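Since the structure comes first, as structure tokens, the remarks are kept for the end.
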Amino acid sequence: MIKNIFIPEQIKGYYLFGQKIIGLSLQADGVYATKTLVSGSQTSINSFKYEPLGFSPEQNYDEAIQQSIKNALKALGGHSQIRLALPSSLVIFKELTFPFLDANKIKMVLGYEIEPILPFPLAQAVFDFIITKQDAKTKKTTVLVGITQEKHIAHYVSILTNSGIEPHSIIVDIFALYSFVNQIPKYNNLTQGTALIDFSSDATTISYINNNQLRLVRSINKSLLTLGTKEELEIALRYDKGEESEKELLAQINSFFNDIQFTFNAFQSQLSNFSQISRVLITGKCAQLTHLAEFATERLSIPFECIDTKGLLSNKELSLKKSLNVVPQEFVVSCAVACPTPIIREFNFLESFFKASNVGILTKQLITAIVLIILIFGVFISYSWMQESKLSTIVKQGTKELTTTLSTTFNITDKKSLLKPNKAVNTAQIKLEEEETLWFAFSKQNRYSYLKYLQELSIRIDRESLGIQFKRLSMDLEENTITLEGEIKDNAFKSLTILEESLKESKLFAQVSIPQDMIQTNYNTKITTFTVKIKTSKENGE
Numbered sequence: 023m024i025k026n027i028f029i030p031e032q033i034k035g036y037y038l039f040g041q042k043i044i045g046l047s048l049q050a051d052g053v054y055a056t057k058t059l060v061s062g063s064q065t066s067i068n069s070f071k072y073e074p075l076g077f078s079p080e081q082n083y084d085e086a087i088q089q090s091i092k093n094a095l096k097a098l099g100g101h102s103q104i105r106l107a108l109p110s111s112l113v114i115f116k117e118l119t120f121p122f123l124d125a126n127k128i129k130m131v132l133g134y135e136i137e138p139i140l141p142f143p144l145a146q147a148v149f150d151f152i153i154t155k156q157d158a159k160t161k162k163t164t165v166l167v168g169i170t171q172e173k174h175i176a177h178y179v180s181i182l183t184n185s186g187i188e189p190h191s192i193i194v195d196i197f198a199l200y201s202f203v204n205q206i207p208k209y210n211n212l213t214q215g216t217a218l219i220d221f222s223s224d225a226t227t228i229s230y231i232n233n234n235q236l237r238l239v240r241s242i243n244k245s246l247l248t249l250g251t252k253e254e255l256e257i258a259l260r261y262d263k264g265e266e267s268e269k270e271l272l273a274q275i276n277s278f279f280n281d282i283q284f285t286f287n288a289f290q291s292q293l294s295n296f297s298q299i300s301r302v303l304i305t306g307k308c309a310q311l312t313h314l315a316e317f318a319t320e321r322l323s324i325p326f327e328c329i330d331t332k333g334l335l336s337n338k339e340l341s342l343k344k345s346l347n348v349v350p351q352e353f354v355v356s357c358a359v360a361c362p363t364p365i366i367r368e369f370n371f372l373e374s375f376f377k378a379s380n381v382g383i384l385t386k387q388l389i390t391a392i393v394l395i396i397l398i399f400g401v402f403i404s405y406s407w408m409q410e411s412k413l414s415t416i417v418k419q420g421t422k423e424l425t426t427t428l429s430t431t432f433n434i435t436d437k438k439s440l441l442k443p444n445k446a447v448n449t450a451q452i453k454l455e456e457e458e459t460l461w462f463a464f465s466k467q468n469r470y471s472y473l474k475y476l477q478e479l480s481i482r483i484d485r486e487s488l489g490i491q492f493k494r495l496s497m498d499l500e501e502n503t504i505t506l507e508g509e510i511k512d513n514a515f516k517s518l519t520i521l522e523e524s525l526k527e528s529k530l531f532a533q534v535s536i537p538q539d540m541i542q543t544n545y546n547t548k549i550t551t552f553t554v555k556i557k558t559s560k561e562n563g564e
């Protein structure tokens with residue numbers, strides 16, 4: 023979906039969309055699966071499913087486990103993510119301290135730091151880390167790095183993809199277990215030396231925690247269940263044994279716990295500030311053995327106890343479904359992987375292994391973005407074309423109506439003028455102005471104005487006494503001007519002055535002048551011509 027391509031699934035532990043996560047732990051006897059529902063910052067543990075490994079004569083382990091995975095997922099229903107627990111026996115662990123707090127900076131230099139300790143080329147290594155301690159004052163960060171070979175991740179990815187699954191994350195089982203236990207209120211303050219042991223069906227993983235910090239990890243490639251059946255182990259772990267077969271099994275069990283004691287001693291030799299182990303937390307399928315904790319406590323003189331998951335009932339961010347009381351010990355690891363708890367939230371071996379998947383996501387993003395851009399532009403262009411076509415039709419219809427109306431109204435017969443609307447409008451405008459000029463002269467108002475000014479002129483001018491003969495009279499009422507042209511005898515210049523003064527006395531005339539340059543005398547005929555310029559008042563003599 024587009025939201026999974028462009029929008030991050032979570033921001034600092036807050037999931038923007040609800041996720042159904044299934045955690046898988048693949049062991050020698052089958053598949054252990056846990057389903058959780060994550061929404062916002064809350065995680066609910068919903069269901070568990072164990073699918074035993076059923077071999078048919080023609081199947082190998084990979085084919086059998088693939089079928090078990092399919093059956094388990096079918097039983098659990100739909101999911102958004104598949105997370106896988108990687109056995110610690112396939113991982114090298116290294117504690118490192120960096121002089122800064124930024125996790126991104128650690129990722130940039132991590133490869134250079136671990137290369138000297140690798141028994142194989144760095145190019146074949148897949149690695150990631152969890153932050154176990156940060157000191158804001160000294161700006162130091164302590165991390166525990168998990169390193170495995172590329173071939174191991176490739177093998178598990180192949181199993182999942184052949185099962186029809188695209189894995190989301192691969193997480194070291196002990197990292198997930200440590201992060202999960204840290205969320206149980208009873209164990210979130212392990213200040214004294216504590217051992218955390220996963221007794222799975224095919225291996226045993228032992229880790230050391232001090233001051234809530236996971237320091238060391240060691241795996242033993244054998245399990246109590248490889249020594250005998252569950253029923254045999256139950257009998258052997260009691261103290262009322264008597265048969266020789268039980269004594270032989272007991273000797274093997276004692277040897278097994280000697281290996282655990284050896285691991286504790288090895289931890290002590292590796293750390294200068296080692297704090298004695300005062301408590302051992304156990305989980306896994308073998309932890310179900312009734313007398314295991316009692317036997318181990320007596321054998322190693324250290325209190326052993328199964329992880330108590332009832333404390334999750336009071337946890338706000340990580341909780342059990344109401345119908346569940348506890349997480350069964352054999353499902354604790356798969357449950358820990360299915361819960362995106364803070365410590366392992368950013369841990370994922372696939373990020374360094376499956377770099378091609380990141381490129382694939384980027385390719386999907388680019389392809390999707392290009393397709394969306396093409397669609398948007400396509401819709402925009404189509405809409406614009408439709409609008410343009412619609413407007414073009416309207417313009418053509420309007421132009422046709424306009425030219426028809428103009429041709430009929432103004433009697434325009436020039437076909438060239440009618441071909442272009444602008445020319446047709448200009449031609450109509452000219453004809454309109456001509457008609458307005460013509461009708462203006464015959465309008466009632468103009469007729470009244472002409473008569474009014476003619477009457478005023480006849481009153482003000484006494485042609486006989488002044489000896490003036492007028493040749494021409496013109497009126498331009500739009501410009502508010504009247505022009506008089508006439509002639510006098512060359513010795514009657516005083517008449518012009520009397521004429522000018524008489525006209526100035528009229529309230530209808532705003533300005534009266536006889537320009538000197540328009541007074542001309544013909545000395546042969548002894549006649550002088552003149553022009554009178556009159557500026558009329560705007561209205562009623564005002």
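If you read the sequence shown in our numbering, its first letter stands for residue 23, the second for the next number, and so on.
Don't be surprised by glycine CBs; every beta carbon is placed ideally from N, CA and C.
Keep in mind that this is a model prediction, so the values were computed, not measured.
### Message
Taking 8 Å as the limit between beta carbons, can you name the residues of its chain near Glu-527, skipping five residues before and five after?
### Response
Arg-482
### Query
From the beta carbon of His-101, is the nearest beta carbon of chain C less than 7 Å away?
In the displayed structure, chain C is absent; only one protein chain is listed.
### Query
Hey, quick one: how far does the alpha helix (DSSP H) through Lys-127 stretch, first residue to last?
125 to 136
### Task
Could you work out which residue in Cys-308, Gln-274, Lys-173 and Ile-187 is closest to Thr-227 when comparing CA atoms only?
Cys-308
### Query
Taking all protein chains shown into account, do 16 or more other C-beta atoms lie within 10 angstroms of the C-beta of Arg-105, making it buried, or fewer, making it exposed?
buried
### Query
Between the beta-carbon of Gln-542 and the beta-carbon of Thr-551, is there less than 7 Å?
yes
### Message
Would you call the region 91 to 108 in contact with the region 38 to 50, where contact means no fewer than 3 C-beta pairs closer than 8 Å?
### Response
yes
### Query
Out of curiosity, what's the CA-to-CA distance linking Leu-413 and Ser-406?
10 Å
### Task
State the Cα-Cα distance for the pair Val-302 and Glu-327, rounded to the nearest angstrom.
6 Å
### Query
Under 7 Å, do Glu-6 and Leu-166 count as touching if we go by C-beta distance?
Outside the displayed span of the chain (23 to 564) sits residue 6, for which this structure offers no information.
### Task
Apply the 10 Å Cβ neighbour rule to Val-393 and answer buried if 16 or more other Cβ atoms are within range, or exposed otherwise.
exposed
### Query
Can you tell me whether DSSP reads Gln-533 as helix, strand or coil?
strand
### Message
By the three-class DSSP mapping on this structure, what secondary structure does Asp-281 have?
### Response
helix
### Task
Along the beta strand (DSSP E) that carries Cys-328, what are the first and last residues, could you check?
326 to 328
### Task
Jot down the residue ranges of each uninterrupted alpha helix (DSSP H) in the region 293 to 333, minimum 4 residues, whole runs only, in chain order.
314 to 322
### Message
Can you look up Asn-184 in the DSSP assignment and give me helix, strand or coil?
### Response
helix
### Task
Leaving out five residues on either side along the sequence, give the residues of the same chain with a beta carbon under 8 Å from the beta carbon of Ile-231.
Tyr-200, Leu-212, Gly-215, Thr-216, Ala-217, Leu-218 and Arg-237
### Query
What did DSSP end up calling Ala-158 once you bin it into helix, strand or coil?
coil
### Query
Would you report the Cα separation of Ser-222 and Leu-108, rounded to the nearest angstrom?
13 Å
#### Entry: Own chain, CB closer than 6 Å to Asp-224, minus 5 neighbours either side, in chain order
Gln-49, Ala-50 and Ser-245
### Task
Under 6 Å Cβ to Cβ from Ser-524, same chain only, skipping five residues before and after it: list those, please.
Arg-482
### Query
Tell me which same chain residues have a C-beta within less than 6 Å of the C-beta of Asn-210, skipping the five on either side of it?
Asn-204
### Message
Which residue marks the beginning of the alpha helix (DSSP H) containing Gln-88, and which one marks its end?
### Response
83 to 98
### Message
Among the candidates Pro-189, Thr-285, Glu-410 and Ser-90, whose CA atom is the shortest distance from the CA of Glu-373?
### Response
Pro-189
### Query
DSSP three-state call for Gln-451: helix, strand or coil?
helix
### Query
How far does the beta strand (DSSP E) with Ser-61 in it reach, from first residue to last?
52 to 62
### Message
Are the CB atoms of Glu-478 and Gln-491 within a distance shorter than 7 Å?
### Response
no
### Unbroken stretches of the alpha helix (DSSP H), 4 residues or longer, contained in the region 481 to 559
485 to 488 and 515 to 526
#### Entry: Proximity of Thr-331 and Val-359 at Cβ, strictly below 7 Å
no
### Task
Would you kindly report the start and end of the unbroken beta strand (DSSP E) that includes Val-239?
235 to 242
### Task
In angstroms with no decimal places, state the Cα-to-Cα distance between Ser-487 and Lys-511.
13 Å
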